[in-house]
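Just so you know, the numbering used here puts the end of the first sequence at 1075, numbered straight through with nothing missing.
Cβ atoms here follow ideal geometry from the backbone N, Cα and C, with glycine treated the same way.
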Amino acid sequence: MDNMDATQDKRLFLIDAYAMIFRGYYALIRNPRLTSAGLDTSAIFGFTNSLIELIRRERPTHLAVVFDVGEASIRTTDFLEYKANRSETPEAITAAIPYIHRILQAMHIPILGVAGYEADDVIGTIACKAEKEGYTTFMVTPDKDFAQLVTDKIKIYKPGLKGSEVEILGVEEVKAKYQIEDPKQVIDFLAMMGDSVDNIPGLEGVGEKTAMKFLKEYGSIENLLANTHELKGKLKEKVEASAERGILSKKLATIICDAPVEFHQEQYDLETPDFEKVKEVFDEIEFRRLYDNLYRAFAPIVSGNTTVTNVEITVTEITPQQKVAQAVGQLDLFATYEELDQAAGNKSTIEHNDHLYQFVDNPKAQKMLVRNLLQQRVVCFDTETTSLNELEAELVGMSFSYKKGLAYYVPVSEDQGEALQTLEIFRPFFEKEDLVKVAHNLKFDYKILRRYNITVKGAMFDTMIAHYLLNPDGRHGMDYLSEIYLGYKPVSIETIIGKKGKNQGNFRDADLRTQTDYAAEDADVTFQLYELFAPQLKKENLEDLFFNIEMPLMEVLAKMELAGISLDEKWLAQESIDLENDLKQLEQKIFELSGEEFNVNSPKQLGEILFEKLQLDPKAKKTKTGQYATSEDILQKLAAKHEIIQHILEYRTYQKLKSTYVDALPSQIEKSDNRVHTNFSQTTAATGRLASVNPNLQNIPIRTLRGQQIRGAFVAGEGKKIISADYSQIELRLIAEISGEDNMIKAFQNGEDIHASTAAKLFNIPLEEVSKIQRSQAKTVNFGILYGQGAFALAEQTGLSRSEAKQMIEAYFETYSKLKAYMAEQVKKAREIGYVETILGRKRHLKDITSNNFVVRAHAERNAVNAPIQGSAADVVKMAMIKIQKELEKEKLKTRMLLQVHDELVFESPLDEVEVATNIIKMEMENAIETQVPLLVEVGVGDNWLEAH
DNA sequence: GCGACACC
DNA sequence: GGTGTCGC
127 MDNMDATQDK
137 RLFLIDAYAM
147 IFRGYYALIR
157 NPRLTSAGLD
167 TSAIFGFTNS
177 LIELIRRERP
187 THLAVVFDVG
197 EASIRTTDFL
207 EYKANRSETP
217 EAITAAIPYI
227 HRILQAMHIP
237 ILGVAGYEAD
247 DVIGTIACKA
257 EKEGYTTFMV
267 TPDKDFAQLV
277 TDKIKIYKPG
287 LKGSEVEILG
297 VEEVKAKYQI
307 EDPKQVIDFL
317 AMMGDSVDNI
327 PGLEGVGEKT
337 AMKFLKEYGS
347 IENLLANTHE
357 LKGKLKEKVE
367 ASAERGILSK
377 KLATIICDAP
387 VEFHQEQYDL
397 ETPDFEKVKE
407 VFDEIEFRRL
417 YDNLYRAFAP
427 IVSGNTTVTN
437 VEITVTEITP
447 QQKVAQAVGQ
457 LDLFATYEEL
467 DQAAGNKSTI
477 EHNDHLYQFV
487 DNPKAQKMLV
497 RNLLQQRVVC
507 FDTETTSLNE
517 LEAELVGMSF
527 SYKKGLAYYV
537 PVSEDQGEAL
547 QTLEIFRPFF
557 EKEDLVKVAH
567 NLKFDYKILR
577 RYNITVKGAM
587 FDTMIAHYLL
597 NPDGRHGMDY
607 LSEIYLGYKP
617 VSIETIIGKK
627 GKNQGNFRDA
637 DLRTQTDYAA
647 EDADVTFQLY
657 ELFAPQLKKE
667 NLEDLFFNIE
677 MPLMEVLAKM
687 ELAGISLDEK
697 WLAQESIDLE
707 NDLKQLEQKI
717 FELSGEEFNV
727 NSPKQLGEIL
737 FEKLQLDPKA
747 KKTKTGQYAT
757 SEDILQKLAA
767 KHEIIQHILE
777 YRTYQKLKST
787 YVDALPSQIE
797 KSDNRVHTNF
807 SQTTAATGRL
817 ASVNPNLQNI
827 PIRTLRGQQI
837 RGAFVAGEGK
847 KIISADYSQI
857 ELRLIAEISG
867 EDNMIKAFQN
877 GEDIHASTAA
887 KLFNIPLEEV
897 SKIQRSQAKT
907 VNFGILYGQG
917 AFALAEQTGL
927 SRSEAKQMIE
937 AYFETYSKLK
947 AYMAEQVKKA
957 REIGYVETIL
967 GRKRHLKDIT
977 SNNFVVRAHA
987 ERNAVNAPIQ
997 GSAADVVKMA
1007 MIKIQKELEK
1017 EKLKTRMLLQ
1027 VHDELVFESP
1037 LDEVEVATNI
1047 IKMEMENAIE
1057 TQVPLLVEVG
1067 VGDNWLEAH
């Protein structure tokens, strides 16, 4: 882990402050750190954390931080647009600077900056001067421009972030990366290809690839420009035309090494910080763990930079001769656990502060471990397997932790019989009701253990779900959470089994010590996350939702996923052939009509055919990447202009059906039981909905006739039926309920068709006289309201004019006035307390609601309206699922819940159970919660999913 | 990474 | 408004 030669005593680290601050800020953008007063401290945290990590890892002898000091630089006088493309600095960063300055001052770290010069130039100048004094300089920055300064004694140090390792670029690395002879050529490289961030124009028509080629051939931009006669065609013209720009670019890209700054080495000595002053600042911005890390980084190091303290206890089989001593031996071992506990909990010394990870590979020791575990109130566990697919994965080991820094690893044999024996030892632990079993992504472990006949029972706590409830918009990976909340970066699985892909190795092939360190660390980290999240859930009133909805639901989902659903493979195979034929015919027709053969699947090529060759729309819209937009709604508007459009739309539909469903689904059938097993992600959708992946079974077609047929391929097994039950208009019913909008409530209570009823009110006509078009328009408005859409989007969807759409919305709010009030109230609430919530108290934080950027704020406002509705509907369905599962199990029925599609549940039921199951399902769904608006559920039964509708 | 399109 | 997957 040490990258430096420790004997070398003059190692200077120069930190490019803004680059590091930006990097830290954006790394946390999806999970910003906020103080209780609402101050965004992501940038401060990111920077400080990296700084401490750097000191801990590298123990620099000399260190300084370099800032830009504003004011025009030399370059701006040459080229006014320089850096014009840099987006405005986020508020959180501007606000961070004073704090970072204070922290640096308290740490006695010099802050450098020269007015009129960029940080790059200051770093370059000092690095050059330090080189003459015999220093090795590390320029700490992610910015590739610095590569030009690299020499034997000057290197780039790219700190690791988000799972990436620290990267040090010396001469050889730079040469290899850019395929050049000398790092100085990086300047030519940048001058040729340009850099949009720094607004270096570069040569026209030259990108990364061409620049590399040119450098190999010509060595420098000057030499290239002197020999442009050797180039050909368009490229020649472009390069020649932009020659002057190229020369200027070189000037812009060159980092100055003679800025007016002196190198007073004695000022850069790394000194011991003023811990108290640092703590003062940390307290102010509510950094708690970082202080420990800081303290540790400066604490004397016992043995090099090692932070791992490993104590191995291997219990060998007891021989007959030793039998007499057996009882004593067990006692001794037991005592050892206690000792280890104490050692781990003792924070006073560095050696024991870190961790104690040990493997337990002997049945006798394992039994004692279990005895020990059973005495705990809360234990965290984790399973290691050969695969991420729970149905194929074999258990390789299990780890356990119930105290910070202490964890045990139990390897599990490849031999199935031995594996089952090991698991038997741990059964009492997994089944103990009042012992809280903590894990990260517990559903995975639950499913793995099910295959070894172990059902995890009783109290459970999934740290991934916990964090999802605390911050649903964030990321929830364990490594990520560890870095953010614990300031600790766990070993990446990729360092053990290699990068993703076909060459990825197997966890079982790692040696026991490696397995132990990795697995134990996961359990340890997860336990620490538990300690952090559990009180947080309580504080935020999310315990009910967590323990009574999400955790029980996790079990239901695990069972659904294990059950899987049957497919009619024969039909799918035939349909694939049929679609292939239809597609060929359509393609032929499209080629004829366009007079050219091209790839219809390429939106880029299609756009060029339609708008350049056929000139179908002189004002064709472009996408943000500059292509012609060819989305369905745009093509639909052109349908009257050219016959080809219809064929293209039909082609696209069939292509989608074939590639996404008809061909993809059969390949996902699990061999062991001939069924497809989707995965329901409980932590993906920020509103509380589930997401279905691998494959996604929540977007099986239903709208079109041909699409519907695919539902027919989801079939019931022998002697069984498919039951489908879906809520009718659940979101509209809930918005009526929550807002107390009596006009809408009445319509639902009277069993009216809500869209027709809305139309009647909007157009002020009797219900019977509502036309199809009017109903459809009212339907669009109803949905628009759910999504928080405005007049613009409504006009876009209905084909009405902007003012007509506006009138329509006004009329809508007049009829449903309480709805309008409710929506305004949600936005106001979000602005005041920072979040909105569902009927079960599920929160969604909307920090953008106060943004000064109109687009960003409007988005947050739509979320403020939509999230409680979509989320409450999700709450209701989840409650129904838990109740149904409970009832089915209580009645010992063989009916299985298979799928959830947001407002629909799909079951497979033996013929003789269909009636009773149907009753249970309808009853539990309609009565999932108490409401004054009736919740209506439609249930259907059939041999396949299509028939069941 | 983007555009398109399948679902609720 | 919320998703996931496909092909480029």
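- Item | Boundaries (first-last residue) of the alpha helix (DSSP H) holding serine 375 | Secondary structure note for serine 375: its alpha helix (DSSP H) is the uninterrupted segment 369 to 379.
- DSSP-derived helix/strand/coil call for tyrosine 151: Note: tyrosine 151 maps to helix in three-state DSSP.
- Task: Since I believe tyrosine 777 is in contact with leucine 709 (beta carbons under 8 Å), could you give me their beta-carbon distance rounded to a whole number of angstroms?
- Result: Right, their Cβ atoms sit about 6 Å apart.
- valine 522 versus Asn989, Asp637, Glu695, residue with shortest Cα-Cα distance: Ranked by Cα distance from valine 522, the options Asn989, Asp637, Glu695 are led by Asp637.
- Item | Per-residue burial, threonine 442 [other beta carbons within 10 Å of its own, 16 or more giving buried] | Its pLDDT being 33, under 50, threonine 442 is placed unreliably in this model, and the coordinates cannot settle the point.
- Go ahead and pull the three-state DSSP assignment for isoleucine 326. Here isoleucine 326 carries a strand assignment [DSSP, helix/strand/coil].
- Between Tyr938, Gly838, Arg928, which lies nearest to serine 883 when the distance is taken from Cα to Cα? Selection Tyr938, Gly838, Arg928 evaluated against serine 883 yields Tyr938 as nearest (Cα-Cα).
- Task: Measure the C-alpha to C-alpha separation of valine 538 and glutamate 518 and round it to an integer number of angstroms.
- Result: Rounded to the nearest whole angstrom, the CA to CA distance from valine 538 to glutamate 518 is 16 Å.
- Task: Taking aspartate 1038 as the reference, give the member of Lys364, Val1067, Val1027 with the closest Cα.
- Result: Distance from the Cα of aspartate 1038 is smallest, within the candidate group Lys364, Val1067, Val1027, for Val1067.
- Message: In the DSSP output, what is threonine 511 paired with across the bridge?
- Response: According to DSSP, which records beta bridges pairwise, threonine 511 is partnered with Leu521.
- Spatial neighbours of lysine 1009 within its chain, please: CB distance less than 7 Å, with the 5 preceding and 5 following residues excluded, ordered by chain position. Excluding positions up to five away in sequence, the list reads Glu1050, Ala1054.
- Query: Between which two residues does the beta strand (DSSP E) carrying isoleucine 691 extend?
  - Reply: 691 to 693 is the span of the beta strand (DSSP E), which, as asked, contains isoleucine 691.
- Query: When we look at the beta-carbon of glutamine 1011 and count the other beta-carbons within 10 Å, is it buried (16 or more) or exposed?
  - Reply: By the Cβ-count criterion, glutamine 1011 is buried, with 16 or more other Cβ atoms from all chains shown falling within 10 Å of its own Cβ.
- Query: When you compare only the Cα positions, how much space is there between alanine 1074 and lysine 797?
  - Reply: Each residue's alpha carbon lies about 26 Å from the other.
- Given a cut-off of 7 Å, decide if isoleucine 771 and leucine 783 are closer than it, judged by their beta-carbon atoms. Judged by beta-carbon spacing, isoleucine 771 lies beyond the 7 Å limit of leucine 783, meaning their Cβ atoms are not closer than that value.
- Item | threonine 589 and phenylalanine 659 closer than 7 Å at C-beta | The criterion of a C-beta distance shorter than 7 Å is satisfied by threonine 589 and phenylalanine 659.
- Message: Count Cβ pairs between the segment 226 to 241 and the segment 185 to 197 that sit closer than 8 Å; are there 3 or more?
- Response: Yes: at least three Cβ pairs fall under 8 Å.
- Would you kindly work out how many angstroms separate the C-alpha atoms of leucine 138 and phenylalanine 413, rounded to a whole number? Roughly 28 Å separates the two Cα atoms.
- Message: Taking DSSP's pairing of strands, which residues face glycine 1066 in a bridge?
- Response: Answer is Ser850, bridged to glycine 1066.
- Run the CB neighbour count on proline 892, radius 10 Å, all protein chains shown included, and call it buried at 16 or more, exposed below. In summary, proline 892 is exposed, with fewer than 16 beta-carbon neighbours lying within 10 Å of its beta-carbon over all protein chains present.
- Excluding sequence positions up to five away, which residues of its chain have a Cβ less than 7 Å from the Cβ of leucine 612? Same-chain partners within the cutoff: Arg415, Val651, Gln654.
- Query: Per DSSP, histidine 971 forms a beta bridge with which residues?
  - Reply: Beta-bridge partners assigned by DSSP to histidine 971: Tyr961.
- Query: Hey, which unbroken runs of the beta strand (DSSP E) at 3 residues or more fall wholly within the segment 760 to 843?
  - Reply: Here the runs fully enclosed are 805 to 807, 817 to 819.
- Unbroken beta strand (DSSP E) run spanning valine 564, endpoints: Looking at the DSSP string, the run of the beta strand (DSSP E) that includes valine 564 is 562 to 565.
- Query: Can you list the alpha helix (DSSP H) stretches of 4 or more residues lying completely in the segment 558 to 601, in chain order?
  - Reply: Those alpha helix (DSSP H) runs which fall completely within the segment 558 to 601 and span 4+ residues are 568 to 576, 589 to 596.
- Task: Locate the alpha helix (DSSP H) running through lysine 270, then write down its first and last residues.
- Result: No alpha helix (DSSP H) contains lysine 270, which DSSP labels as neither H nor E.
- Item | Three-state secondary structure (DSSP) of isoleucine 619 | Coil.
- Query: Looking at C-beta atoms only, is the number of pairs between the segment 955 to 962 and the segment 981 to 1001 that lie closer than 8 Å three or more?
  - Reply: The segment 955 to 962, when compared against the segment 981 to 1001, does touch it at the 8 Å Cβ threshold.
- So leucine 189 and leucine 396 are in contact, right, with Cβ under 8 Å, and what is the actual spacing, rounded? Here leucine 189 really is in contact with leucine 396; their C-beta atoms are around 5 Å apart, less than 8 Å.
- Message: Using CA atoms only, rank isn't needed, just tell me which of Lys973, Trp1071, Ala143, Ala886 is closest to serine 692.
- Response: Nearest option by C-alpha distance: Trp1071.
- Query: DSSP beta-bridge partners for aspartate 395?
  - Reply: In DSSP, aspartate 395 forms a bridge with His188.
- Message: Output needed for alanine 545: all residues of its chain with C-beta closer than 7 Å, excluding positions within five of it in sequence on either side, in chain order.
- Response: Leu521, Val538, Ser539, Tyr578, listed in sequence order.
- Message: Measuring CB atoms only, is the segment 693 to 708 touching the segment 851 to 864, in the sense that at least three cross pairs come out at less than 8 Å?
- Response: Touching, no.
- Query: Considering only C-alpha positions, which residue in the set Leu926, Asn890, Gly914, Gln915 is nearest to glutamine 903?
  - Reply: It is Leu926.
- At what residues does the beta strand (DSSP E) containing isoleucine 856 begin and finish? Isoleucine 856 -> not in any beta strand (DSSP E); alpha helix (DSSP H) instead, spanning 856 to 865.
- Just the C-alpha distance for glycine 250 and glutamine 391, rounded to the nearest angstrom, thanks. Rounded to whole angstroms, the separation of the alpha carbons of glutamine 391 and glycine 250 is 15 Å.
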